[in-house]
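Peer 1: All the letters of the sequence shown, read from the start, carry residue numbers 3 to 115 under our numbering.
We treat Cβ as the ideally placed atom computed from N, Cα and C, and that holds for glycine.
Just so we're clear, the structure is a prediction, and the values are computed from it rather than from any experiment.
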Amino acid sequence: MKKDHFNPHILHQSLMKNKNAAGLPLFQTRPAQEVRVEILPDKSVVAAKFLPHDQKQGCFKAHPITIAAMRKDLFVGGMEEFSDLEKIVICSGCQKEIDQQFWIFCPYCETKY
Ligand SMILES: [Zn+2]
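Written out as structure tokens, the structure is:
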């Protein structure tokens, strides 16, 4: 019997055999559960901002206090969910508007809620 190269199941199996340079599967059978974003501390970045790293793709720069203040599960899950969870509060320390879903404490003045 002639092998059906356009059979989706065979195509899928053939794709799954591909390996990347590190010898790991190139394609994943399931979407990744966790999106890891690397954030490097940089004191020249203003508070509460994440700037894309100029050299490293998928990497961001942020002030060390911003990194400490951010919720560690921030980048897990879809970006589109954020607007539903928005919870704007006025910081008692600096009177700036902050979205509580992103921060453990105020990224501007380090006041705890
Ligand atoms: Zn504040």
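To which residues of the same chain is P109 closer than 6 Å at the C-beta, ignoring the five residues directly before and after it?
Peer 2: Answer for P109: A49, A50, T68 and A71, listed in chain order.
Peer 1: By the DSSP assignment, the beta strand (DSSP E) with L42 in it spans what residues?
Peer 2: Note, L42: beta strand (DSSP E), E40 to P43.
Peer 1: To the nearest angstrom, how far is it from the Cα of I100 to the Cα of Q15?
Peer 2: So the two alpha carbons sit approximately 48 Å from each other.
Peer 1: Using the Cα positions of Q102 and C61, report the straight-line distance between them to the nearest angstrom.
Peer 2: Computed Cα separation, rounded: 23 Å.
Peer 1: If you drop the 5 nearest sequence neighbours on each side, which residues of the same chain put their C-beta closer than 6 Å to that of K114?
Peer 2: Hits under 6 Å: F107.
Peer 1: Please report how far the alpha carbon of H55 lies from the alpha carbon of R73, in whole angstroms.
Peer 2: About 20 Å.
Peer 1: Beta-carbon within less than 7 Å of C111's beta-carbon, same chain only, minus the 5 sequence neighbours each way: which residues are those?
Peer 2: Correct list, in chain order: C93, G95 and C96.
Peer 1: For the alpha helix (DSSP H) that contains A64, what are its first and last residues?
Peer 2: Counting along the chain, A64 falls outside any alpha helix (DSSP H), though it belongs to the beta strand (DSSP E) covering C61 to A64.
Peer 1: Could you pull the start and end residues of the alpha helix (DSSP H) that I12 belongs to?
Peer 2: P10 to M18 is the extent of the alpha helix (DSSP H) around I12.
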